[in-house]
Amino acid sequence: MKCIINGKLVLPDKVAEGMAIVFDERIKAILPEGEIEKENYEIIDAKGAFVAPGLVDIHIHGYLGEDASDGSEEGLKKMAAGIAKNGVTSWCPTTMTIAKEDIIKAFDTARKVKAQSNYGAKILGVNSEGPFVNPAKKGAQPEEFILAPDGDFIIENADIVKLFTVAPEMEGGYECAKKVYEDGRVLVSMGHTNASFDEANKGIENGVRHTTHLFNAMTALAHRNPGVVGAALSDERVSCELIADTFHVNAGLYKLVYKAKGDKLCLITDCMRAGGMPDGEYTLGGQKVIKTGIQCLLEDGTIAGSVLKLNEGVRNLYNNTNLEIYEAFNCASLNPAKAIGEDRNIGSLEVGKCADIIICDDEINVSKTIINGAEF
Ligand SMILES: [Zn+2]
Numbered sequence: 019m020k021c022i023i024n025g026k027l028v029l030p031d032k033v034a035e036g037m038a039i040v041f042d043e044r045i046k047a048i049l050p051e052g053e054i055e056k057e058n059y060e061i062i063d064a065k066g067a068f069v070a071p072g073l074v075d076i077h078i079h080g081y082l083g084e085d086a087s088d089g090s091e092e093g094l095k096k097m098a099a100g101i102a103k104n105g106v107t108s109w110c111p112t113t114m115t116i117a118k119e120d121i122i123k124a125f126d127t128a129r130k131v132k133a134q135s136n137y138g139a140k141i142l143g144v145n146s147e148g149p150f151v152n153p154a155k156k157g158a159q160p161e162e163f164i165l166a167p168d169g170d171f172i173i174e175n176a177d178i179v180k181l182f183t184v185a186p187e188m189e190g191g192y193e194c195a196k197k198v199y200e201d202g203r204v205l206v207s208m209g210h211t212n213a214s215f216d217e218a219n220k221g222i223e224n225g226v227r228h229t230t231h232l233f234n235a236m237t238a239l240a241h242r243n244p245g246v247v248g249a250a251l252s253d254e255r256v257s258c259e260l261i262a263d264t265f266h267v268n269a270g271l272y273k274l275v276y277k278a279k280g281d282k283l284c285l286i287t288d289c290m291r292a293g294g295m296p297d298g299e300y301t302l303g304g305q306k307v308i309k310t311g312i313q314c315l316l317e318d319g320t321i322a323g324s325v326l327k328l329n330e331g332v333r334n335l336y337n338n339t340n341l342e343i344y345e346a347f348n349c350a351s352l353n354p355a356k357a358i359g360e361d362r363n364i365g366s367l368e369v370g371k372c373a374d375i376i377i378c379d380d381e382i383n384v385s386k387t388i389i390n391g392a393e394f
């Protein structure tokens, strides 16, 4: 049994000092340090740093030159090991709008790696972003592979798909959302959508419960035409993803979004294969992408994913709001875990959950990542 002492424990509703966390593969106890008989444990000294829940990234395409859409087992493992260094302990490899057979191949690869252990951040299942998107809001999703919404395809793959994106206003979109929602296993997200406010609300009535990167690739919030953003912010059933890299969405809006969504705000990275790599040329969905600093753009200037790390997202959210630090952490751990129905096992430091724990400094630089009780 292991025990972390001398840390600032980031719990779901407070930061606790003078408390120790005891764990093997799961968290066994959280108790005052004075009650710990140290000789009984393998002691880890946090030296005053934050001891926080492992982060959960439910929307990430690539990292370290790899991409989940490549369908490479080695690639997924390289990503899993790489993002663990950023404090991510669970994730959803995210596919793009690519040829259907390539999507199926990527799902199969995720199935194979998910069945293994000790490869890095745990694969929870896949996020299928596309191919059911609106060409008018395709962003960096290649148009040639866009398909009409098909709920059966998602249900057939519900053993591995945790969430998927649909543009509800597309022909068959509402039926698709309803079918998958009623099946009950996969979270229905609206995104890459040109829906009006009314169409977005109709999507929600048909089972949409999540929003793919709020603000990006959807109709904007205007006062007489509130768009998908207005519908997503207004309906308390709907959780929202946010790419908090300060580029995709102006950081001045973070506070407002948190006020509207609270524990339904999920930080994601939407990171593509240039993440963790030097500036230069990369690809996304077969298209050329140029990475310069924190920006990734197609040749025509369209934003093409990010190179954000999720611990940086927590830092950016915290630095640009008046949130408590535990609230900022929740947005990248407990809230996304809840959104995809995994919060019984992961997402917070609570007795009985997996011992997915990170140690990080006040700037959220991660020095240690523990997955299922083992240091990775
Ligand atoms: Zn994406």
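Each residue of the sequence shown is one higher than the one before, counting from 19 in our numbering. Using N, Cα and C, we set each Cβ at its ideal position, and we do this for glycine too.
Sheet register partners of L49 (DSSP bridge)
In the sequence shown, residue 49 corresponds to position 31, counting from 1. Paired residue(s): A38.
Which value, in whole angstroms, describes the spacing of the CA atoms of V69 and G100?
Working through the sequence shown from its first residue, we reach residue 69 at position 51. Working through the sequence shown from its first residue, we reach residue 100 at position 82. When rounded, the distance between both Cα atoms is 20 Å.
Runs of 4 residues minimum, wholly inside the stretch 163–218: which ones carry the alpha helix (DSSP H) assignment?
Taking 4 residues as the minimum length, the alpha helix (DSSP H) runs contained wholly in the stretch 163–218 are 169–174, 191–201, in order along the chain.
Three CB pairs or more closer than 8 Å across the stretch 369–384 and the stretch 62–77:
Result yes; three or more Cβ-Cβ pairs closer than 8 Å.
Short CB-CB distance (under 8 Å) between E330 and chain C:
You won't find chain C in this structure, because it holds only one protein chain.
Could you tell me the boundaries of the beta strand (DSSP E) in which P111 lies?
Translated into positions along the sequence shown, residue 111 becomes position 93. Per DSSP, the unbroken beta strand (DSSP E) holding P111 starts and ends at 106–113.
Does the Cβ of V369 have 16 or more other Cβ atoms within 10 Å, making it buried, or fewer, making it exposed?
As a first step, residue 369 must be located in the sequence shown, where it is residue number 351. When all chains shown are included, V369 counts as exposed.
Pairing CB atoms from the stretch 337–348 with CB atoms from the stretch 104–123, are three or more of them under 8 Å?
They do not touch, by the three-pair rule.
With distances taken Cα to Cα, identify the nearest neighbour of T264 among E393, N334, A357.
Here residue 264 is taken as the residue at index 246 of the sequence shown, counted from 1. Minimum Cα distance to T264 is reached at N334.
Report yes if the C-beta distance between L352 and P30 is below 8 Å; otherwise report no.
In the sequence shown, residue 352 corresponds to position 334, counting from 1. In the sequence shown, residue 30 corresponds to position 12, counting from 1. The Cβ-Cβ distance between L352 and P30 falls below 8 Å.
Could you check whether the Cβ of T112 sits closer than 7 Å to any heavy atom belonging to ligand 1?
One-based indexing of the sequence shown puts residue 112 at position 94. For T112, the distance from the CB to the nearest heavy atom of ligand 1 is below 7 Å.
Going by CA-CA distance only, name the one from C289, E35, A139 that's closest to W109.
Within the sequence shown, residue 109 is the residue found at index 91, counting from 1. A check of alpha carbon separations from W109 across C289, E35, A139 identifies A139 as the nearest.
Can you list, in chain order, the residues of its chain with a C-beta nearer than 7 Å to that of Y276? Leave out the 5 residues immediately preceding and following it.
Stepping through the sequence shown from its first residue, residue 276 is reached at position 258. Correct list, in chain order: L283, T339, L341.
Are there 16 or more other CB atoms within 10 angstroms of the CB of E119, so buried, or fewer, so exposed?
Within the sequence shown, numbered from 1, the residue matching residue 119 stands at position 101. Counting Cβ neighbours within 10 Å, E119 comes out exposed, since fewer than 16 surround it.
For V267, report the span of its alpha helix (DSSP H) as first-last.
On the sequence shown, residue 267 is found 249 positions in, with the first residue counted as 1. For V267, no alpha helix (DSSP H) segment is defined, and its DSSP state is neither H nor E.
With DSSP as the reference, please indicate the residues paired to Q305 in a beta bridge.
Within the sequence shown, the letter at position 287 stands for residue 305. DSSP lists L302 as the bridge partner or partners of Q305.
Distance check for V256 and F301, CA to CA, integer angstroms please.
Position 283 of the sequence shown, counting from 1, holds the residue named residue 301. Position 238 of the sequence shown, counting from 1, holds the residue named residue 256. Phe is not the amino acid found at residue 301; the sequence shown has Thr there. Roughly 32 Å separates the two Cα atoms.
Delimiting residues of the beta strand (DSSP E) encompassing S366:
Taking the sequence shown and counting its residues from 1, one reaches residue 366 at position 348. Here S366 belongs to no beta strand (DSSP E), and DSSP marks it neither H nor E.
Which listed residue (A269, T320, I312) has its alpha carbon closest to that of V336:
Counted from its first residue, the sequence shown places residue 336 at position 318. The question names Val, but residue 336 is Tyr in the sequence shown. Nearest of A269, T320, I312 to Y336, Cα basis: A269.
Which residue comes first and which comes last in the alpha helix (DSSP H) that contains A249?
To locate residue 249, count along the sequence shown from 1; it is residue 231. Start and end: 245–252.
May I ask you to check if the CB of E35 is nearer than 7 Å to at least one heavy atom of ligand 1?
Reading the sequence shown from its first residue, position 17 is the one you call residue 35. For ligand 1, not one heavy atom lies less than 7 Å from the Cβ of E35.
What residue ranges within the stretch 318–345 form continuous alpha helix (DSSP H) runs of no fewer than 4 residues, ordered along the chain?
328–337, all fully within the stretch 318–345.
If contacts are defined as beta-carbon pairs under 8 Å, then G157 and N234 qualify, I think. What distance do you get, rounded to the angstrom?
Within the sequence shown, numbered from 1, the residue matching residue 157 stands at position 139. Within the sequence shown, numbered from 1, the residue matching residue 234 stands at position 216. Right, their Cβ atoms sit about 7 Å apart.
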